[in-house]
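Beneath this line is the structure, given in structure tokens, with notes to follow.
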Amino acid sequence: MSSTNKFFRFFLFQRTPEPGLSAGRHRAFWLWNALMLLFAAAGVTAVMLLLAPGDYRLAVFLGYFRHPLIFLANFLPIALLMLLGLAVTARPWAAYLFGAVPAMALAFGNYYKLAFRDDPVLFADLLILGEAGEMAGQYQLFLDWKLILALACILAGFLILFFLVRGRPNGRARIISAVAVLAAVLLGGRAYIGDGLYEATGTNLEYLNQWSSTHQHISRGSLYPFLYSINEAFPSPAEGYDEDEVADLLSQYQSAGIPEDEKVNIVGIMLEAFSDFSSFDGIEFAQDAYAVYHALEAESYTGNLVTNIFAGNTVNSERAFLTGMSTQYNWRGSTNSYVWYFKDQGYETWGDHPCYQWFYNRQNVNTYLGFDSYRFVENYYVQFNDGVSMDDVFFPELTAELLERMESDAPQFSFSVSYQGHGPYDDSVCEWGDVDDYIVNNDLDEASRNILANYLGSVMDTQEHLSELVDALRESDEPVVLIVFGDHKPWLGNGNSVYEALGVNLDTSTEEGFYNYWSTRYLIWANDAAKEALGFDFTGQGPDLSPSFLMGHLFDLLGWEGDAFTQAAAPVREELTVIHDSGACVSSDGTLTLSPSAEQQELIRLYHYLEYYRSRHFDY
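Here the sequence shown stands for residues 35 to 654, where the numbers follow this note's numbering.
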């Protein structure tokens with residue numbers, strides 16, 4: 035008998051327990067096989083977690099083990115896959131591959147995607163594999179020490195199981211294994227896509243930025259957050275949605291182009307936390323803090339923008355404006371938008387944001403929305419500051435870029451987002467001079483006075499820089515339409531303490547409170563060249579508008595039909611100018627309704643049907 039055969043005659047390394055084994059050795063045999071398979075699953079999990087942070091600090095990897103729940107959440111699916119593989123194949127090495135191969139495919143894909151785009155792999159990426167493969171071809175794959183170590187560990191695990199874990203369970207054991215996997219999936223599957231477990235695992239952010247969606251993902255590993263993203267990949271349509279009926283409705287419209295003589299430059303600017311506080315009776319201003327903005331409003335078409343957000347989640351208003359959709363989906367590929375429409379009409383599409391590109395994953399999503407180029411801190415504004423740039427840099431740079439681009443033959447569509455005005459605001463000192471330069475309210479405590487003065491100082495400075503941009507466009511012979519709006523009301527102290535101290539009604543069950551809480555302002559301004567080209571004076575009071583209706587409303591004013599979605603949604607915009615996430619709406623006569631009528635609810639449903647279809651069927 036060869037030494038190899040003698041080796042495998044050792045009772046732990048046999049395929050089935052040898053007849054005559056004692057009960058203790060019989061149990062030890064199966065315990066050995068079970069534990070080794072679990073150790074193998076733990077090893078694959080550890081390798082996945084090694085790759086999960088990409089090239090971020092190794093301390094993030096070590097953090098997975100300081101927070102056992104994170105490790106467990108990533109381990110269990112691999113263990114279940116291996117258990118299922120054992121039930122199917124009855125061979126531990128095959129069961130190992132059953133779990134290790136898809137796990138490593140995800141781990142490597144995630145590692146490369148983080149390296150190339152600072153964006154993790156989510157479940158929705160599987161729905162656009164063709165586009166993802168096309169994109170992957172643009173990058174040069176590589177092997178570094180982490181990837182080599184990962185491959186070596188996976189190979190070592192396979193060899194160990196192939197030679198040392200050879201137990202083949204009988205049919206009964208295999209059935210029990212399959213049933214156990216099924217039961218675990220049924221009982222625990224909902225937890226993996228629920229918010230409870232996700233919030234409980236949000237503990238490994240010591241070396242990461244909690245405001246980055248990418249960092250939030252990698253703080254939890256790669257497999258678990260990938261599974262959690264299943265829920266986001268399949269948003270539910272409004273009740274009664276019928277795909278064929280919506281398709282038939284949209285087929286009645288054909289995307290219409292913009293007449294050549296009306297292709298003016300369109301410039302959008304979203305101002306961070308910009309809101310007109312002159313409407314609040316509780317503030318005793320030391321000066322007219324909004325004089326510059328009100329002067330600009332006097333020569334513009336302006337109104338209330340009723341947002342779905344308060345003091346944060348900027349991207350909701352931003353992407354609603356760009357897409358015409360109030361529901362913001364977790365886009366992972368090319369997405370219908372007004373950007374694509376303008377691009378299809380021959381426009382150059384670009385923008386500026388003097389903040390980091392990873393914030394809200396803008397460097398990727400902006401590409402999906404159709405922007406040709408976009409300037410962030412990393413690729414442009416870093417030359418001015420180590421971090422984000424304020425309006426004294428942002429507006430002059432935007433103005434210079436815009437004037438230069440408008441000299442080209444192609445019309446321009448630009449959309450930019452400021453950073454100045456972002457909270458929280460310092461409560462210990464006024465960073466914009468003296469508190470008394472802004473407010474008289476001596477009944478406010480020092481912290482509240484500083485918060486309010488810092489906000490107003492920022493707002494006043496923004497107005498000055500905005501006015502300088504308008505003056506430059508006013509002097510230009512190139513036709514340009516400017517759309518400016520605030521994304522949401524500002525944060526003013528924990529628990530809205532400053533609003534409370536000022537006596538501002540934020541009770542959204544009342545009309546006053548609803549507008550105080552949800553509304554900012556929008557204005558649409560045009561220079562003389564644009565007014566002449568479009569035959570519209572761009573002055574007057576506009577209706578209350580949802581961010582998702584702002585661009586569509588401009589099209590309506592100018593007689594631009596737009597794409598099929600914009601045309602199909604026109605009857606909704608004619609009757610309802612605001613559709614709010616709270617369920618409220620504003621009718622065309624300006625009436626706010628917190629409990630929409632049956633007819634209004636039908637229009638709301640129609641709009642949600644259209645936007646859901648638009649989110650799922652890319653047209654360009």
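Each residue gets a CB set at the ideal place from its N, CA and C atoms; glycine is no exception.
| Query | Result |
| --- | --- |
| Per-residue burial, Leu183 [other beta carbons within 10 Å of its own, 16 or more giving buried] | exposed |
| Extent of the continuous alpha helix (DSSP H) to which Met359 belongs | Where Met359 is concerned, there is no enclosing alpha helix (DSSP H), given that its DSSP letter is neither H nor E. |
| Start-end ranges of the beta strand (DSSP E) lying completely within the region 297-368, minimum 3 residues | 299-305 and 335-340 |
| For Leu507, the first and last residue of its enclosing beta strand (DSSP E) | Taken as a continuous stretch (DSSP letters only), Leu507 belongs to no beta strand (DSSP E), being part of the alpha helix (DSSP H) at Glu480 to Arg508. |
| Rounded straight-line distance, which links the Cα of Phe157 to that of Phe268 | 10 Å |
| Residue burial classification, Trp179 (beta-carbon count within 10 angstroms, cutoff 16) | exposed |
| CA nearest to the CA of Trp525, picked from Leu490, Gln497, Asp495 and Phe196 | Leu490 |
| Residues bridged to Asp386 (per DSSP) | Arg409 |
| Inter-residue Cα distance where the pair is Ile300 and Val514 | 6 Å |
| Spatial distance of Ala320 from Tyr408 (CA atoms) | 39 Å |
| Given Ser247 as reference, the closest of Phe589, Asp152 and Thr600 once Cα atoms are compared | Asp152 |
| Cys187, enclosing alpha helix (DSSP H) - first and last residue | Trp179 to Leu198 |
| Coil, strand or helix - Phe519 by DSSP | strand |
| 7 Å Cβ shell around Phe196 - same chain, five flanking residues per side excluded | Trp127 |
| For Ala560, the three-state DSSP class (helix, strand or coil) | strand |
| Which of helix, strand or coil DSSP assigns to Gln288 | coil |
| Assumed close pair Gly404, Lys377 - CB separation to whole angstroms, cut-off 8 Å | 5 Å |
| Ser649 - containing alpha helix (DSSP H), residue span | Ala632 to Arg650 |
| C-beta contact flag for Gln454 and Met494 at 8 Å | no |
| Where Thr235 falls: helix, strand or coil (DSSP) | coil |
| Cβ shell of Val215 (< 6 Å), same chain only, five flanking positions each side left out | Leu114, Leu117 and Leu118 |
| Environment of Ile613 [buried if 16+ CB atoms lie within 10 Å] | buried |
| Length at least 4, wholly inside the region 547-619: the alpha helix (DSSP H) runs in chain order | 562-568, 581-592, 598-602 and 604-609 |
| Beta-carbon proximity check, Lys147 vs Pro154, cutoff 8 Å | yes |
| contact_flag[the region 357-374, the region 213-231] where n(CB pairs < 8 Å) is 3 or more | no |
| At least three beta-carbon pairs within less than 8 Å, the region 516-534 to the region 301-312 | yes |
| Asn67 and Val199 closer than 8 Å at C-beta | yes |
| Identity of the residue in Asp653, Glu636 and Tyr654 nearest Tyr275 by Cα | Glu636 |
| Beta-carbon contacts of Leu85 that lie in its chain and below 8 Å, excluding the five residues immediately before and after | Ala141, Phe142, Asn144, Tyr145, Lys180, Leu181, Ala184 and Ser256 |
| Own chain residues within Cβ distance below 6 Å of Leu557, not counting five before or after | Glu331, Ser334, Thr336 and Val518 |
| Cβ neighbours of Met35 in the same chain (closer than 7 Å, five flanking residues each side left out) | Residue placement at Met35 is flagged as unreliable, the pLDDT there being 46, under the threshold of 50; a coordinate-derived value is accordingly withheld. |
| Closest Cα partner of Glu233 within the set Glu438, Pro259, Glu273 and Phe192 | Pro259 |
| Inter-residue spacing [alpha-carbon to alpha-carbon] between Gly527 and Ser629 | 31 Å |
| Counterpart residues of Ile473 in DSSP-defined beta bridges | Phe319 |
| DSSP three-state assignment for Phe268, whether helix, strand or coil | coil |
| For Met35, the three-state DSSP class (helix, strand or coil) | Confidence at Met35 is low in this model, with a pLDDT of 46, below 50, so the placement of that residue should be treated as unreliable; the coordinate-derived value is given next. Met35: coil per DSSP, three-state reduction. |
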